Each structure stands twice: as C-alpha cells, then as structure tokens.
Amino acid sequence: MPRLLSPHELATLLLLMHAPAQVEGGNPYLEALRSESLVEVVAFTANADEKNQYRLTAEGNAVLRRLGAV
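Residue numbers (numbering that gives the first Met the number 0): 0 to 69.
(1) Looking only at C-alpha atoms, which of Gly-59, Arg-64, Pro-19, His-17 sits nearest to Ala-31?
(2) Have a look at Gln-21 and Leu-13 and give me their C-alpha separation to the nearest angstrom.
(3) Return the Cβ separation of Thr-56 and Val-40 in integer angstroms, given the expectation that the two are a contact with Cβ distance under 8 Å.
(4) Flag this pair as yes or no: are the beta carbons of Leu-15 and Arg-54 separated by less than 8 Å?
(5) Select from Lys-50, Asn-51, Leu-29, Ala-42 the residue whose C-alpha is nearest the C-alpha of Leu-4.
(6) Express the C-alpha separation of Lys-50 and Glu-23 in angstroms, rounding to a whole number.
Below, the structure written as structure tokens:
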C-alpha cells in the first residue's frame, strides 16, 4: 500500500510540474519523493554553484492526474 504524501510533498510535485527550475536541490521533500519513484534526477551537477535538475516520473504525473491537477 502506498504511503500518503504530505502537503509539502504534494506542493513540491506541483512545483515540479509547473516551474521545475524553482525547485532547489536542498528541498527536503525531494528525497522522499525520489524514494517513492515520483521524482527523478535529470542532470546531476558536481559543481556546488549549479543546481541538480529534477522532473516528475510517469508515476508522479499519475498522482497529479488522479488529484485533478493535470
């Protein structure tokens, strides 16, 4: 049974859908979303000045569709 997402995790999913560049790599909810396979790293940067880039997975999009957000 999948676990319930927190309001902050849902907000992070919505932000990734509408404005992925605004999601900071230090966002504490990204790792939880990654462990649920709702988010994936698109580009990993070793340079501290650049940010990792994230995107929704097919499962993440499905969650937002079920919520009527898409």
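Note that beta-carbon positions come from the ideal geometry of N, C-alpha and C, so glycine has one too. On a predicted model such as this, the values are computed, not experimentally measured, just so you know.
According to the structure shown:
(1) Gly-59
(2) 11 Å
(3) At roughly 11 Å, the Cβ-Cβ gap does not stay under 8 Å, so Thr-56 and Val-40 are not in contact.
(4) yes
(5) Leu-29
(6) 7 Å
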